[in-house]
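As structure tokens, the structure follows; a few thoughts come after it.
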Amino acid sequence: MSHDRPHLVRTPEEVRTVLDAHRRAGRTIGFVPTMGALHEGHLSLVRAAAAADDVVVVSIFVNPLQFGEGEDLDAYPRTLDADLDLLAPEGVALVFSPAPSTFTPETRRTTVHVEGLTGGLEAATRPTHFDGVTTIVTKLFNVVGADHAYFGEKDFQQQAILRRMALDLDMRTEVVTCPIVREADGLALSSRNVYLSGEQRRDALALSQALRELADGWEGNVDSGRSTLLGRLTAAQGIQLDYAEIIDPETLEPLEGVRSGDCQAVVAAWVGTTRLIDTMRLRV
Ligand code: AMP
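In numbering that gives the first Met the number 0, the protein residues as written are 0 to 283.
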């Protein structure tokens with residue numbers, strides 16, 4: 000069966016016009032912010048939104064503010080036509096894809112900053128990244144005015160920061176976190192996986208395998224868990240480890256000793272010039 004592509008709009012005004020009508024009719028709005036190059040991970044968020052909300056909105060915007068100096072902003076895959084085709088069967092009412100020149104103009108002077116959660120892990124090597132994310136997500140939340148916004152657990156630090164931001168700023172949009180979608184062999188889906196050669200893709204599997212082994216054998220010992228994870232990933236071929244940590248899922252603080260409550264393992268590594276992240280819940 001063929002489906003029509005979702006309605007594509009480029010300006011905040013158009014989004015508001017369409018969504019105001021739905022709001023007046025009492026419909027709830029579910030929102031999925033993305034940078035495009037959509038894959039099954041993104042589609043799982045769209046399906047979660049469609050299951051819980053009446054109207055689903057997807058944004059596709061490669062956010063220049065969240066890329067640092069020398070990162071892959073220009074190379075980042077942009078596949079709007081294919082994205083719209085992928086969304087066609089998913090019952091998406093609206094796709095918002097603003098132009099960078101109007102959505103992030105040179106004249107902007109406002110930054111949204113979340114304290115505390117934005118210091119370590121990803122931020123250690125990407126110090127401006129999360130301010131870029133929180134500033135743009137605030138703008139998107141203001142434009143869409145959704146009841147719920149769906150984010151992937153894969154970007155674990157990001158969802159924790161956005162949850163805090165929405166709470167602290169009394170935003171009407173509630174942040175909902177959804178599980179990671181993986182390939183059959185365990186590799187977490189990512190728009191950046193297209194950068195990987197066949198060999199690099201095989202090397203990249205060490206990340207999910209090391210996390211899986213840790214989670215399967217988890218008995219709450221953070222110190223030995225972390226050193227096993229570090230040992231495994233520093234020894235892995237073709238991988239340049241950035242960090243491997245076991246953290247508190249809420250505060251994101253690195254843990255120590257023995258824990259009976261839930262912990263979260265988070266890793267980041269370079270495979271060639273591609274930076275990949277992955278994460279897994281650790282439960283006794
Ligand atoms: P991105 O387009 O990379 O900014 O991602 C948009 C949203 O999709 C974010 O909330 C990501 O956490 C989520 N996402 C990315 N990859 C996956 C995945 N493999 N499984 C589930 N969600 C994902």
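Here a beta-carbon is modelled for each residue, glycine too, at the ideal position from N, C-alpha and C.
These figures come from a predicted structure and were not determined experimentally.
| Item | Value |
| --- | --- |
| Cβ neighbours of Leu210 in the same chain (closer than 8 Å, five flanking residues each side left out) | Leu228, Ala264, Val266, Asp277, Thr278, Met279 |
| Selection from Ala51, Val55, Ala74, Asp53 that minimises the alpha carbon distance to Asn62 | Ala74 |
| Per-residue burial, Ser189 [other beta carbons within 10 Å of its own, 16 or more giving buried] | buried |
| Phe30 CB to nearest heavy atom of the ligand AMP below 7 Å | no |
| Heavy atom of the ligand AMP within 7 Å of Phe150 beta-carbon | yes |
| Cβ-Cβ separation, Ala148 to Thr172 (assumed contact under 8 Å), whole Å | 5 Å |
| Simplified DSSP assignment, three categories, for Met170 | coil |
| Minimum length 3: unbroken beta strand (DSSP E) runs contained in the segment 117 to 141 | none |
| Classification of Pro97 by the beta-carbon crowding that lies within 10 angstroms, buried from 16 upward | buried |
| Simplified DSSP assignment, three categories, for Arg23 | helix |
| Ile135 beta carbon near the ligand AMP (any heavy atom closer than 7 Å) | no |
| heavy atom of the ligand AMP below 7 Å from Leu188 C-beta | yes |
| Bridge-paired residues (DSSP) for Gly29 | Val55, His147 |
| Bounding residues of the alpha helix (DSSP H) (the contiguous stretch that carries Phe102) | 99 to 102 |
| Proximity test, Leu44 beta-carbon vs the ligand AMP heavy atom, cut-off 7 Å | yes |
| heavy atom of the ligand AMP below 7 Å from Thr33 C-beta | yes |
| Residues near Glu218 in its chain [Cβ-Cβ closer than 7 Å; skip 5 each side] | Val283 |
| For Thr233, the first and last residue of its enclosing beta strand (DSSP E) | Note, Thr233: premise wrong, no beta strand (DSSP E); alpha helix (DSSP H) at 221 to 234. |
| Residues that DSSP places opposite Met164 in a beta bridge | Answer is none; Met164 lacks a bridge partner. |
| The segment 118 to 137 / the segment 4 to 24 touching (three or more Cβ pairs under 8 Å) | no |
| Inter-stretch contact (C-beta, 8 Å, three-pair minimum) for the segment 39 to 55 and the segment 145 to 164 | yes |
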